[in-house]
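Heads up: the sequence shown begins at 1 in UniProt numbering, then just goes up one per residue. For each residue, glycine too, the CB sits at the ideal point set by N, CA and C.
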Amino acid sequence: MTPDDERHLRRALELAVSARATGDGPFASLLVGPDGQVLIEAHNTVDVDNDITAHPELKLARWAARELDLDTAAGTTMYTSCQPCGMCQGAIERSGIGRVVFALSTAQLTALKPPAPPKTVRLEGPSLPDEAGVPLAGYYL
1 MTPDDERHLR RALELAVSAR ATGDGPFASL LVGPDGQVLI EAHNTVDVDN
51 DITAHPELKL ARWAARELDL DTAAGTTMYT SCQPCGMCQG AIERSGIGRV
101 VFALSTAQLT ALKPPAPPKT VRLEGPSLPD EAGVPLAGYY L
């Protein structure tokens with residue numbers, strides 16, 4: 001980790017402290033461009049927005065997907081207070097962001113939280129595969 005990495009990661013932690021002070025969860029992220037300039041910052045707004053998906057990493061991934069071409073996105077680094085969850089990691093990968101640096105791992109975060117019951121969703125399928133393929137015909141060509 002470089003001194004610039006440490007500086008940006010400390011900024012993510014400052015933003016996480018600010019998020020908690022405004023009534024939200026203590027999580028925050030920033031996206032730094034290939035030239036080292038901060039492109040965008042975000043903090044968790046899950047509680048204030050009453051939106052379980054309002055994670056800062058997801059906000060930045062969505063911004064990058066909308067605002068950056070893939071070559072530029074590949075040169076960016078996301079600095080985040082905690083390791084991205086599965087939802088956010090998927091969005092980060094799809095957005096083209098090239099690197100993520102996090103302060104606290106998922107295992108470390110889990111050790112700090114009270115235990116939560118496991119969440120399960122029943123998935124059923126594939127169903128109607130012939131019909132489901134109709135809207136996709138020609139899309140990937």
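Within this structure, are the beta carbons of Thr72 and Pro34 separated by less than 8 Å? yes
Relative to the ligand FAD, is the shortest distance from any of its heavy atoms to the C-beta of Glu93 smaller than 7 Å? Only the bare structure without any ligand can be found here, which leaves the ligand FAD out of the picture.
Tell me, which residues are paired with Tyr79 by DSSP? Leu30 and Val101
Counted within 10 angstroms of its Cβ, other Cβ atoms place Cys135 as buried (16 or more) or exposed: Before going on, a small fix: residue 135 reads as Pro here, not Cys. Exposed, by the Cβ-count rule.
Is DSSP giving His55 helix, strand or coil here? coil
Classify Gly86 as buried or exposed, calling it buried when 16 or more other Cβ atoms lie within 10 Å of its own Cβ. exposed
Around the C-beta of Met78, are 16 or more other C-beta atoms found within 10 angstroms, so that it is buried, or is it exposed? buried
With 16 other Cβ atoms within 10 Å as the buried cut-off, status of Pro118: exposed
Range covered by the alpha helix (DSSP H) that runs through Glu93: Gly86 to Ser95
Compare the C-alpha of Leu109 against each of Thr120, Gln83 and Ala132 and name the closest. Gln83
Report the CB separation of Asn44 from Gly25 in whole angstroms; it is logged as a contact under 8 Å. 4 Å
How is Leu60 classed by DSSP in three states: helix, strand or coil? helix
Beta-carbon proximity list for Arg20, same chain, < 6 Å, skipping 5 on both sides: Pro26
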